[in-house]
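Here the structure is laid out as structure tokens; the discussion comes afterwards.
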Amino acid sequence: MTRKKATLDRYRPLPQETVHHLNDDLRIFLTYHSNAIEGNTLSLRETQMVIEYGVTIDGHPLREYLEATNHAEAYSYMTSLVEKQTSITHETILTLHNLVMDKILKTKGQFRTVPVYIRGANMTPPPASQVESLMHEWIAGYSVDYLGWLVRQGRVEAVKRRGRWYSTLEAIQRYKAEVEAGIAPPGRPGKNQESD
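With the first letter of the sequence shown counted as 1, position 121 gets the number 658 in this note's numbering; the numbers rise by one all the way through.
Structure representation (structure tokens):
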């Protein structure tokens with residue numbers, strides 16, 4: 538990673554047009570992979586068509602189109618936060634969730650208030666009553682300046698720390714997944730389910 542960063546640094550500053558194209562490509566690439574992990578069946582090329590041209594793809598449910606357009610919108614919002622050097626807050630996290638789940642979940646943009654379990658996993662997420670306080674702790678433990686410094690130094694520890702930070706966030710299971718009637722196909726309700 539250090540060598541790759543050094544190679545990239547030799548080309549800096551990159552022309553603005555190159556930065557713009559790289560950002561557009563990254564927006565599509567991250568949208569495709571993030572959605573594919575969750576079961577979206579759009580190909581990389583189909584994801585590009587949805588994002589760049591707003592077309593729906595024959596044979597794919599509306600939910601997959603919404604997942605692609607919503608994720609791309611959330612990516613744009615996130616990059617605007619980075620450009621403004623905005624700190625991570627409850628509000629920014631919930632706004633991102635609202636953007637990603639727009640027209641998909643009724644409870645978009647809010648932390649869960651019910652118990653959940655993860656199908657096929659051995660861990661039990663924390664009770665809903667603890668989610669908000671756990672998120673406060675998580676936000677307080679995240680230092681953008683420190684992580685930025687590590688990345689600028691080319692240190693691998695930054696990647697490891699980011700991985701631990703993300704794992705902690707995922708373990709909180711802060712949202713309730715639900716199916717909006719008529720949008721998601723039967724048998725694909727999401728990774729979080731209400732417990733009985």
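C-beta atoms are modelled at their ideal positions from N, C-alpha and C, and glycine is treated no differently.
If you draw a straight line from the Cα of V651 to the Cα of R698, it comes to about 30 Å.
For S704, the closest C-alpha among the options S670, P664 and M660 is that of M660.
Going by beta carbons, I594 and I565 fall outside the 7 Å limit. DSSP places R540 within a helical segment (H, G or I) once states are collapsed to three. By the beta-carbon neighbour count (other beta carbons within 10 angstroms, threshold 16), L559 is exposed. Per the coordinates, the alpha-carbon of L579 lies some 13 Å from the alpha-carbon of H608. For N635, the uninterrupted alpha helix (DSSP H) segment begins and ends at H627 to V637. In terms of Cβ geometry, N577 and E604 form a close pair [threshold 7 Å]. Annotation: the continuous alpha helix (DSSP H) that includes S666 extends over A665 to A677.
In this structure, L671 sits near I709, with a CB-CB distance shorter than 7 Å.
Distances from the alpha-carbon of V653 to those of H634, I641 and V668 put V668 closest. A Cβ-Cβ distance of about 26 Å is found for the pair T544 and T568, leaving them out of contact under the 8 Å criterion.
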